[in-house]
Amino acid sequence: MALSPVTTADFLVIGCGVAGLRAAVELGSVGRVTVLAKDRLSESASEYAQGGVAVALSDEDQVGLHRDDTLRAGDELCSKQAVDVLVGEGPRYIQELIQWGTQFDRAGSKLAFTREGAHSRSRVLHAQGDSTGREITRALFARAAAVGEHIVFHSFASTVDLVVDGDRVCGAVVYDEQEQALKSILAGGVLLATGGLGHVYADSTNPEVATGDGAAIAYRAGAQLSDMEFVQFHPTALYLKGAPRFLLSEALRGEGAVLRNADMARFMSHYHSQAELAPRDIVSRAIVSEMQRTGAEFVFLDLTHLDAEFLQKRFPRIYNTCLQYNIDLATEMVPVRPAAHYAMGGVATDLEGRTSLAGLYAAGEVACTGVHGANRLASNSLLEGLVFGARAGKAMLAESPPRPRACPEPRMPVCAPDPEGGCRQLRQLMSKHAGIIRSGKQLRELAEQLARWSAEPLGMAAGAHGAGAQKCLVHKAAGQRAGEGPPIRQAFEFRNMLIVSELIAQSAAAREESRGAHYRSDFPFKVDRFQKHSYIGPGMKVSFR
Ligand code: SIN
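Per my numbering, the sequence shown runs over residues 34 to 578.
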């Protein structure tokens with residue numbers, strides 16, 4: 034559905050993965066809600082989530098055990114209050130999802146739970162084997178439809194910037210790709226639920242929409258972000274020339290898959306007592322070590338000892354995707370290596386999704402409640418989207434004033450002449466300097482290069498991003514037709530990726546220790562004075578508290 038030039042809604046939700054949908058369901062029972070998706074409605078990280086959703090619901094489990102595992106994986110940096118909310122309220126929200134029609138896999142009449150890395154119990158629910166996120170979003174879309182006509186979805190609508198009136202966020206400027214025009218949407222409350230940022234790296238398991246838009250948009254509006262240095266690399270992404278970095282779920286290791294190096298030897302027990310089921314950051318670093326030691330570009334995930342019929346039934350999506358690339362998991366080992374997967378940091382929020390800006394809320398991967406600390410426990414992210422999406426929705430309902438009536442005329446940032454080339458160079462640089470293993474020297478070089486690009490951005494007219502962005506806006510979209518000039522969405526994404534990369538680089542340079550997913554070769558140990566969250570805000574200034 035196309036947007037008219039100025040639209041109003043009671044609430045604006047940007048992003049329609051699990052967090053955005055769950056919030057919309059809450060809001061739609063009372064107000065008029067507009068939900069935006071940059072691409073197709075289904076194109077979110079939630080849709081691709083395979084392994085499942087962790088929740089303490091099995092007979093052998095307890096909320097306290099889920100809490101302890103989450104805190105341990107977070108490497109002494111989780112916000113304990115946020116973890117208590119996540120694991121304590123999680124069971125209720127999962128039961129609600131089941132009532133709304135989500136079909137989790139069952140063993141007989143009981144829910145079937147699998148094991149994943151760093152969990153002390155089998156507590157990961159899954160659906161259709163390895164399509165858990167797809168099943169949950171299906172149920173949430175159905176629930177949103179059942180709520181009535183109050184929730185309106187717009188696909189191919191890229192959020193360009195937030196509309197800020199005084200010190201309050203009161204809407205967003207949106208680029209409608211179908212009409213190739215800028216529109217404004219005014220709302221009493223705005224929720225960022227834009228997902229992650231994996232595509233600032235060369236290799237990522239994320240869908241291509243994950244370019245860190247929400248973090249960059251919030252930064253430009255003046256919001257505080259937190260823990261941006263903590264980027265989780267999933268240990269096992271498919272590594273084949275010409276194939277995307279397709280995720281090979283941790284649940285495969287939960288069901289018995291093992292890792293082998295180039296000499297075909299298992300190696301994980303040399304790195305951690307939980308071997309293949311060690312926390313993700315440890316497995317990813319172990320793989321990098323083995324690759325460096327053997328000079329190989331990848332290691333192998335070996336499932337050949339598992340029953341073929343079991344594999345096809347338990348992991349149909351993964352099995353069939355690998356088959357498309359001529360790999361039969363039942364008979365051949367798969368080449369894998371780590372790829373950027375999840376941002377623990379994001380727009381700083383309290384437990385109700387409130388950001389540092391009035392009227393702006395955030396939930397899901399784009400937000401940072403501190404719940405994941407320095408390293409997210411496997412399969413806690415869908416649960417986070419549900420719990421904190423619902424909480425943000427409730428807070429917006431309780432707090433949002435009537436929507437504003439006037440708004441500034443939307444204007445278009447200058448478009449990049451070669452955003453594709455710019456993105457490519459940026460990703461290579463981020464992977465080299467801010468990847469799994471970092472050093473102060475590399476991070477300083479990265480920050481300098483990013484500052485140069487920010488001053489005269491690669492493939493982007495000077496001054497079109499950062500604090501001066503609003504001053505050099507020009508109308509350009511109106512006359513531009515498809516095929517003329519660079520793709521406009523990609524130019525916006527590049528602008529956002531540049532900011533997000535700077536946020537990561539500056540935060541990573543400031544944290545002079547190794548903790549969770551942030552590993553510094555020049556500071557290889559945890560340091561007590563850094564047992565704090567990092568904050569970064571206007572002017573890229575980092576502080577710890
Ligand atoms: C996976 O299935 O391995 C990914 C699940 C997650 O990221 O928590």
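Think of the CB as a built atom: it goes at the ideal place given N, C-alpha and C, for glycine as much as any other residue. Quick caveat: nothing in here was measured; it's all calculated off a predicted structure.
*For residue 271, write down the residues that DSSP places opposite it in a beta bridge.*
Here residue 271 is taken as the residue at index 238 of the sequence shown, counted from 1. Paired residues: 369.
*Terminal residues of the continuous alpha helix (DSSP H) containing residue 556?*
Along the sequence shown, one-based indexing puts residue 556 at 523. Taken as a continuous stretch (DSSP letters only), residue 556 belongs to no alpha helix (DSSP H), as it is neither H nor E.
*asked:* Am I right that residue 255 and residue 571 are in contact with their C-beta atoms under 8 Å? What's the rounded C-beta distance?
replied: In the sequence shown, residue 255 corresponds to position 222, counting from 1. In the sequence shown, residue 571 corresponds to position 538, counting from 1. Residue 571 and residue 255 do touch by the CB rule: their CB atoms are close to 6 Å apart, below 8 Å.
*asked:* I'd like the span of the alpha helix (DSSP H) that includes residue 350, first residue to last.
replied: Within the sequence shown, numbered from 1, the residue matching residue 350 stands at position 317. Bounds of the alpha helix (DSSP H) holding residue 350 are 349 to 357.
_Per-residue DSSP class, three states only, for residue 306_ = As a position in the sequence shown, residue 306 is number 273, starting the count at 1. In the three-state DSSP reduction, residue 306 falls in the coil class, being neither helix nor strand.
*Within the same chain, show all residues whose beta-carbon is closer than 6 Å to that of residue 463, passing over the 5 residues directly before and after it, in chain order.*
As a working mapping, residue 463 is identified with position 430 in the sequence shown. So the list reads 233, 234 and 534, once near-sequence residues are dropped.
*Please list, in chain order, all residues of the same chain as residue 563 whose beta carbon is under 8 Å from its beta carbon, the five residues on each side excluded.*
In the sequence shown, residue 563 corresponds to position 530, counting from 1. Excluding residues within five positions, the ones whose Cβ falls inside 8 Å are 544, 545, 546, 548 and 577.
_For ligand 1, I want to know if residue 280 counts as a neighbour, meaning its beta carbon is within less than 8 Å of at least one of the ligand's heavy atoms._
The residue labelled residue 280 in the question sits at position 247 within the sequence shown. For ligand 1, at least one heavy atom lies less than 8 Å from the Cβ of residue 280.
*For residue 294, I'd like the list of residues in its chain whose CB is within less than 6 Å of its CB, leaving aside the five on either flank, ordered along the chain.*
Sequence index remark: in the sequence shown, residue 294 carries index 261 (1-based). Within the same chain, and ignoring the five residues on either side of residue 294 in sequence, the residues whose Cβ sits closer than 6 Å to its Cβ are 300, 323, 327 and 332.
*Enumerated in chain order, which unbroken segments of the beta strand (DSSP E) with a length of 3 residues or greater are wholly contained in the segment 44 to 125?*
As far as the segment 44 to 125 is concerned, its whole beta strand (DSSP E) runs of at least 3 residues are 66 to 69.
_residue 594 versus 334, 378, 284 and 365, residue with shortest Cα-Cα distance_ = The structure shown does not extend to residue 594, since the chain is modelled only from 34 through 578, so no value can be given for it.
*Mind checking residue 53: buried by the 16 CB within 10 Å criterion, or exposed?*
Locating residue 53 in the sequence shown gives position 20, where the first residue counts as 1. Taking all protein chains shown into account, residue 53 has 16 or more neighbouring C-beta atoms within 10 Å of its C-beta and is therefore buried.
_Among the candidates 428, 480, 478 and 405, whose CA atom is the shortest distance from the CA of residue 106?_
Along the sequence shown, one-based indexing puts residue 106 at 73. Comparing alpha-carbon positions, the option among 428, 480, 478 and 405 lying closest to residue 106 turns out to be 405.
*Buried or exposed: where does residue 485 fall if 16 or more other Cβ atoms within 10 Å of its Cβ makes it buried?*
Start at 1 with the first residue of the sequence shown, and residue 485 comes out as number 452. Here residue 485 is exposed: its Cβ has fewer than 16 other Cβ atoms, across all protein chains shown, within 10 Å.
*Rounded straight-line distance, which links the Cα of residue 133 to that of residue 127*: Here residue 127 corresponds to residue number 94 of the sequence shown, with the count starting at 1. Here residue 133 corresponds to residue number 100 of the sequence shown, with the count starting at 1. Residue 127 and residue 133 have their alpha carbons spaced roughly 10 Å apart.
*Is residue 73 near residue 174, with beta carbons less than 9 Å apart?*
Reading the sequence shown from its first residue, position 40 is the one you call residue 73. Reading the sequence shown from its first residue, position 141 is the one you call residue 174. Not closer than 9 Å, so no.
*Excluding five sequence neighbours on each side, which residues of the same chain lie with their C-beta closer than 7 Å to the C-beta of residue 120?*
Residue mapping note: residue 120 aligns to position 87 of the sequence shown, counting from 1. Here the set comprises 89, 96, 99, 100 and 103.
*Taking one C-beta from the segment 241 to 258 and one from the segment 298 to 317 each time, how about it: are there three or more such pairs within less than 8 Å?*
In this structure the segment 241 to 258 does not touch the segment 298 to 317; the number of beta carbon pairs closer than 8 Å is below three.
*Can you tell me the Cα-Cα spacing of residue 226 and residue 551, whole angstroms?*
The sequence position of residue 226 within the sequence shown is 193, counting from 1. The sequence position of residue 551 within the sequence shown is 518, counting from 1. For the pair residue 226 and residue 551, the Cα-to-Cα distance works out to about 24 Å.
*Can you list, in chain order, the residues of its chain whose CB lies under 7 Å from that of residue 417, leaving out five sequence neighbours each side?*
Here residue 417 refers to the residue found at position 384 of the sequence shown. Once the five neighbours on either side are set aside, the close Cβ partners of residue 417 are 119, 397 and 404.
*Three-state secondary structure (DSSP) of residue 234*: Start at 1 with the first residue of the sequence shown, and residue 234 comes out as number 201. Looking at residue 234 - three-state DSSP - the assignment turns out to be coil, as it is neither helix nor strand.
_Sequence-distant residues of the same chain with beta carbon closer than 7 Å to residue 248, five excluded per side_ = As a working mapping, residue 248 is identified with position 215 in the sequence shown. The residues are 230, 258, 379, 380, 399, 533 and 536.
_Euclidean distance between Cα positions of residue 183 and residue 68_ = Counted from its first residue, the sequence shown places residue 183 at position 150. Counted from its first residue, the sequence shown places residue 68 at position 35. Going by C-alpha positions, residue 183 is about 11 Å away from residue 68.
_Reduced DSSP category for residue 180 - H, G, I as helix; E, B as strand; rest coil_ = For the purposes of this step, residue 180 is taken as residue 147 along the sequence shown, with counting starting at 1. For residue 180, the three-state secondary structure derived from DSSP is helix.
*Complete beta strand (DSSP E) runs within the segment 130 to 203 (minimum length 3 residues, chain order)*: Fully enclosed beta strand (DSSP E) runs of 3 or longer: 184 to 187 and 190 to 198.
*Inter-residue Cα distance where the pair is residue 111 and residue 211*: Within the sequence shown, the letter at position 78 stands for residue 111. Within the sequence shown, the letter at position 178 stands for residue 211. Using only the alpha carbons, I get a separation of about 42 Å.
*Ignore the nearest five residues each way along the sequence and tell me which others in residue 574's own chain have a CB closer than 6 Å to its CB.*
Here the question's residue 574 lines up with position 541 in the sequence shown. Around residue 574: no qualifying Cβ.
*Between residue 420 and the rest of its own chain, which residues show a CB-CB distance below 7 Å, the 5 nearest in sequence each way excluded?*
Looking up residue 420 in the sequence shown gives position 387. By the criterion of a C-beta distance shorter than 7 Å, residue 420 is surrounded in its chain by 118, 119, 122, 123 and 126, once the five residues flanking it on both sides are discounted.
*Does the distance from the CB of residue 145 to the CB of residue 158 come in under 9 Å?*
The residue given as residue 145 occupies position 112 in the sequence shown. The residue given as residue 158 occupies position 125 in the sequence shown. Less than 9 Å separates the beta-carbon of residue 145 from that of residue 158.
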